[in-house]
Amino acid sequence: MRGLANEQVDPPLALRLGLGLASLLGNSGRVVVGRDPRTSSEMLESALLAGLLSGGCTAVRAGMVPTPVLAFSVRAWRAGAGVMVTASHNPPEYNGLKCWDGEGAAFTPEREEELEGEMGRARG
9 MRGLANEQVD PPLALRLGLG LASLLGNSGR VVVGRDPRTS SEMLESALLA
59 GLLSGGCTAV RAGMVPTPVL AFSVRAWRAG AGVMVTASHN PPEYNGLKCW
109 DGEGAAFTPE REEELEGEMG RARG
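Residue numbering for the sequence shown follows the numbering used here, beginning at 9 and increasing consecutively.
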């Protein structure tokens, strides 16, 4: 999910993603969260963490890390999933949320669809 920060990608979306991911993981388990240095990333990270924690997950804050470090950390720390707050190569006014599975691989399109379904049911 990528778009303009505070427009398409805003705190309510990050909160719903956290709640939806927690539901997808059975409302338990560990999720590693990382972010890039964009101005909006810390705000989105906070909303994401709120959703994960209120959904029953243990959130591990990796802090400001490169995306490959987040993917490695998910596997190394035996987490059920990970989320990177980043818009990668896009301009600074953009941001995004990228999910990783427990093996440190990006979510497949099918898994993303499952997550979107859970997000649609999430209250937040």
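Idealized CB from N, CA, C, for every residue including glycine.
In this structure, the CA atom of GLY64 is about 11 Å from the CA atom of LEU32. With contact defined as three or more Cβ pairs closer than 8 Å, the segment 74-83 and the segment 97-105 are not in contact. A check of alpha carbon separations from LEU57 across GLY110, VAL93, GLY11, ALA13 identifies VAL93 as the nearest. Residue range 75-84 is occupied by the alpha helix (DSSP H) that includes VAL77. The three-state reading of DSSP puts ALA70 in strand, counting E and B together.
Sequence-distant Cβ neighbours of PRO19 in its own chain, meaning closer than 7 Å and more than five residues away, are MET51, LEU52, ALA55.
The closest CA to that of GLY128, considering only LEU23, ARG86, SER62, PHE115, is found on LEU23.
The continuous alpha helix (DSSP H) containing GLY59 extends over residues 49-62. Bounds of the beta strand (DSSP E) holding GLY11 are 10-12.
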